[in-house]
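Student: Heads up: the sequence lines are chains A and S, in that order.
Mapping the first sequence onto this note's numbering, position 478 (from 1) lands on 478, and the numbers just tick up by one.
Mapping the second sequence onto this note's numbering, position 317 (from 1) lands on 317, and the numbers just tick up by one.
The beta-carbon is built from N, C-alpha and C at its ideal position, and this holds for glycine as well.
Small disclaimer: the values here were computed from a predicted structure and weren't measured.
Following this message is one structure expressed as C-alpha cells.
Number of protein chains: 2
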Amino acid sequence: MADDKALTPRSEDFSAWYNEVVLRAELADYSPVRGSMVIRPWGYAIWENMQRALDDMFKATGHENAYFPLLIPMSFIEREKEHVEGFKPELAVVTHAGGKELEEHLVIRPTSETVIYSMYAKWVQSYRDLPVLMNQWANVMRWELRTRLFLRTSEFLWQEGHTAHATEAEAEEETLLILDIYRRFMEEWIAMPPVTGLKSESERFAGAVRTYGLEAMMQDRKALQAGTSHMLGQNFSRQFGLTFQSEEGQEEYAWNTSWGVSTRLIGGLVMSHGDDRGIVVPPKLAPAQVVMLPIFRSDDDREAVFGACNRVAGALSEAGVRVRLDDRTHLSPGARFWEWERKGVPFRVEIGPKDLEKGQVVVARRVHGEGEDRKMFLPESEAIGRMPGLLDELQAHLLETARTRRERDSVRGGVESVEALGEALDDGAGFVYTGWSGDPAVEERVKEVTKATLRVIPSEEFRSGSAPERCLGGEPSKMEVVWARAY
Amino acid sequence: MADDKALTPRSEDFSAWYNEVVLRAELADYSPVRGSMVIRPWGYAIWENMQRALDDMFKATGHENAYFPLLIPMSFIEREKEHVEGFKPELAVVTHAGGKELEEHLVIRPTSETVIYSMYAKWVQSYRDLPVLMNQWANVMRWELRTRLFLRTSEFLWQEGHTAHATEAEAEEETLLILDIYRRFMEEWIAMPPVTGLKSESERFAGAVRTYGLEAMMQDRKALQAGTSHMLGQNFSRQFGLTFQSEEGQEEYAWNTSWGVSTRLIGGLVMSHGDDRGIVVPPKLAPAQVVMLPIFRSDDDREAVFGACNRVAGALSEAGVRVRLDDRTHLSPGARFWEWERKGVPFRVEIGPKDLEKGQVVVARRVHGEGEDRKMFLPESEAIGRMPGLLDELQAHLLETARTRRERDSVRGGVESVEALGEALDDGAGFVYTGWSGDPAVEERVKEVTKATLRVIPSEEFRSGSAPERCLGGEPSKMEVVWARAY
Numbered sequence: 001m002a003d004d005k006a007l008t009p010r011s012e013d014f015s016a017w018y019n020e021v022v023l024r025a026e027l028a029d030y031s032p033v034r035g036s037m038v039i040r041p042w043g044y045a046i047w048e049n050m051q052r053a054l055d056d057m058f059k060a061t062g063h064e065n066a067y068f069p070l071l072i073p074m075s076f077i078e079r080e081k082e083h084v085e086g087f088k089p090e091l092a093v094v095t096h097a098g099g100k101e102l103e104e105h106l107v108i109r110p111t112s113e114t115v116i117y118s119m120y121a122k123w124v125q126s127y128r129d130l131p132v133l134m135n136q137w138a139n140v141m142r143w144e145l146r147t148r149l150f151l152r153t154s155e156f157l158w159q160e161g162h163t164a165h166a167t168e169a170e171a172e173e174e175t176l177l178i179l180d181i182y183r184r185f186m187e188e189w190i191a192m193p194p195v196t197g198l199k200s201e202s203e204r205f206a207g208a209v210r211t212y213g214l215e216a217m218m219q220d221r222k223a224l225q226a227g228t229s230h231m232l233g234q235n236f237s238r239q240f241g242l243t244f245q246s247e248e249g250q251e252e253y254a255w256n257t258s259w260g261v262s263t264r265l266i267g268g269l270v271m272s273h274g275d276d277r278g279i280v281v282p283p284k285l286a287p288a289q290v291v292m293l294p295i296f297r298s299d300d301d302r303e304a305v306f307g308a309c310n311r312v313a314g315a316l317s318e319a320g321v322r323v324r325l326d327d328r329t330h331l332s333p334g335a336r337f338w339e340w341e342r343k344g345v346p347f348r349v350e351i352g353p354k355d356l357e358k359g360q361v362v363v364a365r366r367v368h369g370e371g372e373d374r375k376m377f378l379p380e381s382e383a384i385g386r387m388p389g390l391l392d393e394l395q396a397h398l399l400e401t402a403r404t405r406r407e408r409d410s411v412r413g414g415v416e417s418v419e420a421l422g423e424a425l426d427d428g429a430g431f432v433y434t435g436w437s438g439d440p441a442v443e444e445r446v447k448e449v450t451k452a453t454l455r456v457i458p459s460e461e462f463r464s465g466s467a468p469e470r471c472l473g474g475e476p477s478k479m480e481v482v483w484a485r486a487y
Numbered sequence: 001m002a003d004d005k006a007l008t009p010r011s012e013d014f015s016a017w018y019n020e021v022v023l024r025a026e027l028a029d030y031s032p033v034r035g036s037m038v039i040r041p042w043g044y045a046i047w048e049n050m051q052r053a054l055d056d057m058f059k060a061t062g063h064e065n066a067y068f069p070l071l072i073p074m075s076f077i078e079r080e081k082e083h084v085e086g087f088k089p090e091l092a093v094v095t096h097a098g099g100k101e102l103e104e105h106l107v108i109r110p111t112s113e114t115v116i117y118s119m120y121a122k123w124v125q126s127y128r129d130l131p132v133l134m135n136q137w138a139n140v141m142r143w144e145l146r147t148r149l150f151l152r153t154s155e156f157l158w159q160e161g162h163t164a165h166a167t168e169a170e171a172e173e174e175t176l177l178i179l180d181i182y183r184r185f186m187e188e189w190i191a192m193p194p195v196t197g198l199k200s201e202s203e204r205f206a207g208a209v210r211t212y213g214l215e216a217m218m219q220d221r222k223a224l225q226a227g228t229s230h231m232l233g234q235n236f237s238r239q240f241g242l243t244f245q246s247e248e249g250q251e252e253y254a255w256n257t258s259w260g261v262s263t264r265l266i267g268g269l270v271m272s273h274g275d276d277r278g279i280v281v282p283p284k285l286a287p288a289q290v291v292m293l294p295i296f297r298s299d300d301d302r303e304a305v306f307g308a309c310n311r312v313a314g315a316l317s318e319a320g321v322r323v324r325l326d327d328r329t330h331l332s333p334g335a336r337f338w339e340w341e342r343k344g345v346p347f348r349v350e351i352g353p354k355d356l357e358k359g360q361v362v363v364a365r366r367v368h369g370e371g372e373d374r375k376m377f378l379p380e381s382e383a384i385g386r387m388p389g390l391l392d393e394l395q396a397h398l399l400e401t402a403r404t405r406r407e408r409d410s411v412r413g414g415v416e417s418v419e420a421l422g423e424a425l426d427d428g429a430g431f432v433y434t435g436w437s438g439d440p441a442v443e444e445r446v447k448e449v450t451k452a453t454l455r456v457i458p459s460e461e462f463r464s465g466s467a468p469e470r471c472l473g474g475e476p477s478k479m480e481v482v483w484a485r486a487y
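Put into C-alpha cells, the structure is as follows:
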C-alpha cells in the first residue's frame with residue numbers, strides 16, 4: 001500500500017486527480033459489477049460520521065428512522081405520471097425469483113415515495129396521526145452508463161426522508177427546515193458551504209411541486225448538487241389514497257415532502273478540500289483526527305518511543321480526540337507519512353528517539369495556512385493540550401477557505417447574454433448570477449451553447465445586492481438565478 | 001392506534017400471538033411486496049440499539065465496516081459448487097436494467113462471500129496485508145414463499161463479517177471469537193441466552209468447512225437459530241484467487257471466515273420475553289426505557305402535572321436513562337397505558353394531581369417478579385435515584401428468567417431412541433440432549449419421525465455432565481447433540 005507515486009496535479013487534469021485520489025486514499029474501489037462501487041473502510045468510516053451527525057439532527061427535529069422494502073412493484077412506480085417518466089430509463093428490474101418468472105416485475109427502488117406513501121395510507125386515519133416524520137438509511141439503484149466513484153454510480157447509499165402533513169403550509173415549512181439542516185450540516189461538518197435555493201421546473205424532482213437544492217462549488221469551479229428537499233404537494237397522496245379525517249371531520253389528502261443526501265457527499269468532500277498530496281478530511285468527520293507515528297531504528301529505542309506514543313494517544317483520546325496509533329513497523333516512516341497524507345488525516349504526531357531526548361513531540365499539520373509552519377515542535381503536554389483547539393481551527397479554516405474560493409469564483413452582475421455567460425465560464429467563472437425571465441427556452445439555449453445549467457434560484461441570503469434587470473434571453477428579468485457547469 | 005382488544009393468549013396459539021403482537025406493538029408491518037416487510041420506527045429503533053452494541057464489539061476487536069455491491073454477477077455465485085447449490089433456489093434475479101436486457105444476469109446478494117473475496121483478492125498481496133477484518137451492515141434477499149415477520153422474509157437486514165487470515169488456526173480463532181461476541185451480545189443485551197456449538201454437516205452454511213451456531217429457546221420451546229459463524233477454509237479463496245505471499249515467500253491461499261446476525265433477532269426478543277399484554281423490551285435495547293405519562297382532567301391541573309413530568313424526565317435523562325414524554329392528551333390514560341404495555345417499555349412513570357398532592361410519583365413496572373408490586377408510589381427524588389438500578393435489575397431478571405426457562409425445558413439424558421425423542425418433544429421438551437453416532441441417516445429419520453433437527457453439537461460449557469453412550473440410532477455415541485423443533 002506504500003505508494004509514493006505522485007498524483008496527477010489538479011491543475012493539469014482535475015478529473016484524473018479525482019479518480020486517482022479516491023482510489024489511493026482507499027476511499028472506494030471499482031467493483032466487478034459495472035456501475036457499482038465498493039466503499040472501503042476509510043471511506044465508509046467518513047460516511048458513518050456523516051450519518052451520525054445528520055441522524056442526530058433529524059432526530060432532534062422529531063424524525064424517526066424506519067425501513068421500507070428494497071423491491072417495488074412496477075405498477076407502483078407507474079402510478080405517478082411524472083415520476084415514472086423521470087425514473088423509468090434508470091430502473092433495474094427483477095423478473096425472476098425463487099426459480100420462477102414473477103407475475104409482476106419488481107424494480108429495485110430508485111427512491112421510495114411510492115411504497116412509503118402506500119404504507120402511510122394504511123397507517124394514517126386522522127389528523128391526530130399527522131405529521132408522520134420518517135427517514136430511512138438505505139441503498140438505491142439508478143442505472144448509469146457513465147459512472148464515477150461516489151459522484152455517479154448505479155447503486156448508492158443515502159438517506160431518504162418522507163413526511164406527511166395536514167396542511168400545505170406545514171409541508172412547505174418541513175421542506176425548508178430540512179434544507180436548513182442540510183445547509184448547516186454541509187457547512188459545519190463537511191466545511192462545504194452550498195448555495196441554496198429553488199430548482200427550476202426543468203431540474204425539479206420527478207413528481208414534486210417544488211424542489212429546493214444545495215449547490216456546492218468544487219475546486220474545478222463546477223457545481224455539485226449536494227442535496228435536495230422536495231415539496232411533493234398532494235401528487236403522491238392522491239395516487240396512493242393517503243387521506244386523513246381533518247379536525248372538521250372531512251376526508252382530505254395529506255401533503256408530502258421527501259428529501260435526501262447520499263454518499264455523493266464524500267465526492268464533494270474530496271473535491272472541496274483535496275490537494276495534490278491527497279484528500280483532506282475535515283476534523284469533525286475524520287475517522288482518525290490524529291495519527292501517532294512512532295519512529296525508531298533500533299530495538300533499544302523501540303520501547304521508549306512506543307511508550308511515549310501510547311501515553312500521548314491515551315491522553316488525546318481522553319481529551320475526546322479520535323486518535324490512531326500506526327504501529328506498522330515494517331513500513332518506513334516515509335511510506336506511513338505518505339499514506340496518512342493521502343488519506344487526509346488532519347494531524348500527525350511523530351515521536352522518535354531524538355524527540356524524547358529533547359522532551360518534545362512533532363505535530364505535523366496536513367494543511368497549513370500561509371505563514372504557518374508545517375511542523376511544530378512542542379512539549380508533550382502542550383501538544384496534547386492544544387490539539388482540540390488545533391482541530392477546531394482547522395475545521396474553521398477549511399470552511400473559510402471554501403467559502404472564500406466559492407465567492408472568488410462567482411460572478412455577480414454584468415453577464416447579460418448567453419454568449420457572455422459562455423465566455424465568463426470559459427474564463428474561469430464557477431457560479432454566474434444573472435437575471436432570468438422564467439422561460440425554459442433560455443435554459444435550453446444556455447445548455448446548448450455553454451453546457452451550463454440553471455443550478456438554483458437562490459434563497460434570499462445568497463442573492464446579489466441589486467437585482468438584475470435583464471434575462472440572458474433579453475426579456476425583462478423576473479428573478480436572479482445561478483448558472484454553472486455541474487457534476 | 002389505541003387498541004384495547006386483548007391479544008390471543010400465548011398458551012392458546014403462540015403463532016397467532018406472535019403475529020398479532022408484532023403488528024400491534026408497531027414493530028413491523030406487511031408490505032405490498034409479497035415476502036418483504038416494513039420495519040416501523042419502534043422496531044427499527046430496537047434494531048439501531050442492537051447495531052450500536054454489536055458494532056462497538058466488532059470495532060473493539062479490530063473489525064472495520066465497509067460496503068460492497070448489492071448486485072452480484074450470476075457467474076460469481078456459481079463458482080463455489082456447494083454455495084450455488086445452497087442459494088440458487090432462493091435467488092432474485094435482475095435481468096433488465098436501463099431499459100435493456102443485461103448480457104449477464106445479476107442476482108441480489110443472498111450473502112456476499114463471492115463479491116467480497118473477489119475484492120480481497122485485489123487488495124491482498126502479502127502476509128503483511130493480513131488479516132483483513134471487515135463487516136458490512138446491509139440488506140440481503142433470499143426468496144421465501146412462507147414468510148413470517150422478522151423470522152423469515154425475502155428481504156432482511158443483517159450484518160455480515162468477512163475475514164481473511166494467513167493461517168487456518170487464526171481463522172478458526174476468529175470464528176470462535178465471533179461466536180463468543182454473539183453469545184455475549186445475546187445474553188447481555190437481548191437477555192436471550194443461547195446454546196452454542198458446531199452445526200452438523202447437513203445444517204452447515206453452503207460453502208463452509210465448519211459452521212458454529214447459536215440456538216435460543218423460545219417460549220413455545222422451539223429453537224431459533226439466532227446467529228452463525230462460519231469457518232470457510234480455503235473454499236472461496238481458491239475460487240476467487242485470494243492468495244498472498246507468505247513470510248517465507250511462498251504463494252498461499254488465504255483462510256476465510258464469515259458470520260452474521262439479522263433482524264431475526266428482533267423476532268427472538270419478542271418470543272423470549274413477550275407476554276399476553278405485549279412485547280417486553282430489555283432495558284439495554286429499549287428505545288424508551290421510561291415513559292412519562294401525565295394524567296389530568298382539567299386545564300388547571302395540566303400545568304402542574306406537565307411541569308412535574310418535565311422535571312422528572314429531565315432528571316432521568318441526566319442520569320443516563322432514555323425517557324420519553326407521552327404528551328398526547330387526546331388519548332385517554334388507559335389507551336396510552338395499553339400502547340406502552342404492548343410496546344414493552346420497561347417502566348412508566350405516571351403523575352396526576354393527586355400524586356402531586358401526596359408528593360409522590362407512580363412507577364409502574366412492565367414486568368414484575370413474584371412478590372413484587374406492579375406499581376410503586378415513590379417520592380420524586382427516590383423514583384429518579386432508583387431508576388438506573390431498577391433498569392439493571394430488570395435486565396438481569398429477564399436473562400435469569402430466560403435461562404431458567406431454557407434449562408427447565410431441556411431434557412438431558414434418558415432419551416435413547418428416535419421414538420423416545422418424539423415423545424419427549426410431544427410432552428413439552430424444548431432442547432433434547434442425546435448421543436449421536438455422526439450418521440446423517442439418523443438426522444433424516446429424526447426429521448421424518450419427530451420434525452426436529454439437530455441444532456448443535458454443543459460447546460463444552462453446554463454439555464451435560466456425563467456423555468451419553470448410545471446414539472438415537474442404536475450405534476455407540478460419538479458425541480452429545482441437541483435436538484429441537486426449530487423456526
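#1: Could I get the ranges of all uninterrupted alpha helix (DSSP H) runs contained in the segment 367-447 of chain A, with 4 residues as the minimum, in chain order?
#2: Quick check: is the beta carbon of Phe337 (chain A) nearer than 8 angstroms to any beta carbon in chain S?
#3: Taking the alpha-carbon positions, what's the Leu390 (chain S) to Glu339 (chain S) distance?
#4: Assuming Ile46 (chain A) contacts Leu71 (chain A) under a Cβ cut-off of 8 angstroms, what Cβ separation, rounded to an integer in Å, is found between them?
#5: With contact counted as at least three CB pairs below 8 angstroms, one residue from each stretch, are the segment 202-217 of chain A and the segment 227-244 of chain A in contact?
#6: Taking the alpha carbon of Glu78 (chain S) as the reference point, which residue from S:Pro110, S:Ala452 and S:Ala53 has its own alpha carbon closest?
#7: The beta strand (DSSP E) spanning Val363 (chain S) covers which residue range?
#8: Per DSSP, which one or two residues make a beta bridge with Thr228 (chain A)?
#9: Can the beta-carbon of Leu157 (chain A) be found closer than 8 angstroms to that of Asn135 (chain A)?
#10: Exposed or buried, what is Pro89 (chain A) when buried is set at 16 or more other beta-carbons lying within 10 Å of its beta-carbon?
#11: How would you call His63 (chain S), buried or exposed, if buried means at least 16 neighbouring beta carbons within 10 angstroms?
#12: Between the segment 292-303 of chain S and the segment 341-351 of chain S, can you find at least three pairs of beta-carbon atoms closer than 8 angstroms?
#13: Name the chain A residues that come within less than 8 angstroms of Ser31 (chain S), Cβ to Cβ?
#14: With a threshold of 7 angstroms on Cβ separation, who are the neighbours of Asp326 (chain A) within its own chain once the five nearest residues in sequence on each side are excluded?
#15: Let me know the secondary structure DSSP gives Glu188 (chain S) once reduced to three states.
#16: If you count every other CB in all the chains shown that lies within 10 Å of the CB of Arg455 (chain S), and 16 or more means buried, which is it?
#17: Within 10 angstroms of its Cβ, does Gly523 (chain A) collect 16 or more other Cβ (buried), or is it exposed?
#18: What's the call for Ala2 (chain A), buried or exposed, on a 16-neighbour Cβ count within 10 Å?
#19: With DSSP collapsed to three states, give me the class of His165 (chain A).
#20: Measure from the C-beta of Gly98 (chain S) to each C-beta in chain A and report whether the shortest distance is under 8 angstroms.
#21: Alpha carbon to alpha carbon, what distance is there between His330 (chain A) and Arg128 (chain S)?
#22: I'd like the list of long-range same chain contacts for Ala25 (chain S), defined as Cβ closer than 7 angstroms, with 5 residues on each side in sequence excluded.
#23: Buried or exposed: which applies to Phe240 (chain S), given that a residue is buried once 16 or more other Cβ atoms fall within 10 Å of its Cβ?
#24: Beta-carbon of Val22 (chain S) versus every beta-carbon of chain A: anything under 8 angstroms?
#25: Beta-carbon of His330 (chain A) versus every beta-carbon of chain S: anything under 8 angstroms?
#26: Please work out which residues of its chain come closer than 7 angstroms, Cβ to Cβ, to Leu421 (chain S), disregarding the five sequence neighbours upstream and downstream, and give them in chain order.
#27: Taking its Cβ as the centre, do 16 or more other Cβ atoms sit within 10 Å of Lys358 (chain S), making it buried, or is it exposed?
#28: Contact criterion: CB-CB distance below 8 angstroms. Does Val508 (chain S) meet it with respect to chain A?
#29: Of all the beta strand (DSSP E) runs that stay within the bounds of the segment 51-131 of chain S, which reach a length of 3 or more residues?
#30: Keeping to the same chain, check which residues put their C-beta closer than 8 angstroms to that of Leu177 (chain A); ignore five residues upstream and five downstream.
#31: Which of the three DSSP states is assigned to Pro468 (chain A) in this structure?
Tutor: Once the coordinates are examined:
#1: 380-408 and 418-426
#2: Translated into positions along the first sequence, residue 337 (chain A) becomes position 337. No, Phe337 (chain A) lies away from the interface with chain S (no Cβ there is under 8 angstroms from its Cβ).
#3: Counting from one through the second sequence, the residue named residue 390 (chain S) turns up at place 390. Counting from one through the second sequence, the residue named residue 339 (chain S) turns up at place 339. Note on geometry: alpha-carbon atoms of Leu390 (chain S) and Glu339 (chain S) lie some 21 angstroms from one another.
#4: As a first step, residue 46 (chain A) is located in the first sequence; it is residue number 46 there, counting from the start. As a first step, residue 71 (chain A) is located in the first sequence; it is residue number 71 there, counting from the start. That pair is no contact at about 29 angstroms.
#5: yes
#6: The residue given as residue 78 (chain S) occupies position 78 in the second sequence. The shortest CA-to-CA distance from Glu78 (chain S) to any of S:Pro110, S:Ala452 and S:Ala53 is the one to S:Pro110.
#7: For the purposes of this step, residue 363 (chain S) is identified with residue 363 of the second sequence, where counting begins at 1. Its beta strand (DSSP E) spans residues Val361 to Arg365.
#8: Here the question's residue 228 (chain A) lines up with position 228 in the first sequence. A:Gly213 and A:Gly260.
#9: What you label residue 157 (chain A) is simply residue 157 of the first sequence in a count that begins at 1. What you label residue 135 (chain A) is simply residue 135 of the first sequence in a count that begins at 1. No. Outside cutoff.
#10: For the purposes of this step, residue 89 (chain A) is identified with residue 89 of the first sequence, where counting begins at 1. Exposed is the call here.
#11: Taking the first residue of the second sequence as position 1, residue 63 (chain S) is located at position 63. Buried, because 16 or more other Cβ atoms sit within 10 Å of the Cβ of His63 (chain S).
#12: Here the segment 341-351 of chain S makes contact with the segment 292-303 of chain S; the two share three or more CB pairs at distances below 8 angstroms.
#13: Here residue 31 (chain S) refers to the residue found at position 31 of the second sequence. Those within 8 angstroms of Ser31 (chain S) in chain A are Phe68, Pro69, Val115 and Met119.
#14: For this step, residue 326 (chain A) is matched to residue 326 along the first sequence. Contacts found: Val291, Met292, Leu293 and Arg336.
#15: What you label residue 188 (chain S) is simply residue 188 of the second sequence in a count that begins at 1. Three-state result, Glu188 (chain S): helix.
#16: Walking along the second sequence from the start, residue 455 (chain S) turns up at place 455. Buried, by the Cβ-count rule.
#17: With chain A covering only 1 through 487, there is no way to say anything about residue 523 (chain A).
#18: Numbered from its first residue, the first sequence carries residue 2 (chain A) at position 2. Because the pLDDT of Ala2 (chain A) is 42, which lies under 50, any placement of that residue in the model is unreliable, and the number read from its coordinates should be weighed accordingly. By the 10 Å Cβ count, Ala2 (chain A) comes out exposed.
#19: Residue numbering aside, residue 165 (chain A) sits at position 165 when the first sequence is read from its first letter. Looking at His165 (chain A) - three-state DSSP - the assignment turns out to be strand.
#20: Taking the first residue of the second sequence as position 1, residue 98 (chain S) is located at position 98. Output row for Gly98 (chain S): interface = yes.
#21: Counting from 1 along the second sequence, the entry for residue 128 (chain S) is found at position 128. Counting from 1 along the first sequence, the entry for residue 330 (chain A) is found at position 330. Across the structure, Arg128 (chain S) and His330 (chain A) are spaced so that their CA atoms are roughly 8 angstroms apart.
#22: Residue 25 (chain S) sits at position 25 when you count from the first residue of the second sequence. Result list for Ala25 (chain S): Trp42, Gly278, Ile279, Arg342, Lys343 and Gly344, in chain order.
#23: Numbered from 1 along the second sequence, position 240 holds the residue referred to as residue 240 (chain S). Phe240 (chain S) is buried by the Cβ-count criterion.
#24: Residue mapping note: residue 22 (chain S) aligns to position 22 of the second sequence, counting from 1. So no, Val22 (chain S) is outside the interface.
#25: Along the first sequence, one-based indexing puts residue 330 (chain A) at 330. It does; some Cβ of chain S falls within 8 angstroms.
#26: If you number the second sequence from 1, residue 421 (chain S) lands on position 421. Val415, Val432, Thr434, Val446, Thr450, Ala452, Leu472 and Trp483.
#27: If you number the second sequence from 1, residue 358 (chain S) lands on position 358. With fewer than 16 Cβ atoms within 10 Å of its Cβ, Lys358 (chain S) is classed as exposed.
#28: Residue 508 (chain S) is absent from the structure shown; chain S starts at 1 and stops at 487.
#29: 71-73, 92-97 and 100-108
#30: If you number the first sequence from 1, residue 177 (chain A) lands on position 177. The answer, listed in chain order, is Thr61.
#31: Within the first sequence, the letter at position 468 stands for residue 468 (chain A). In this structure, Pro468 (chain A) counts as coil in the three-state DSSP scheme.
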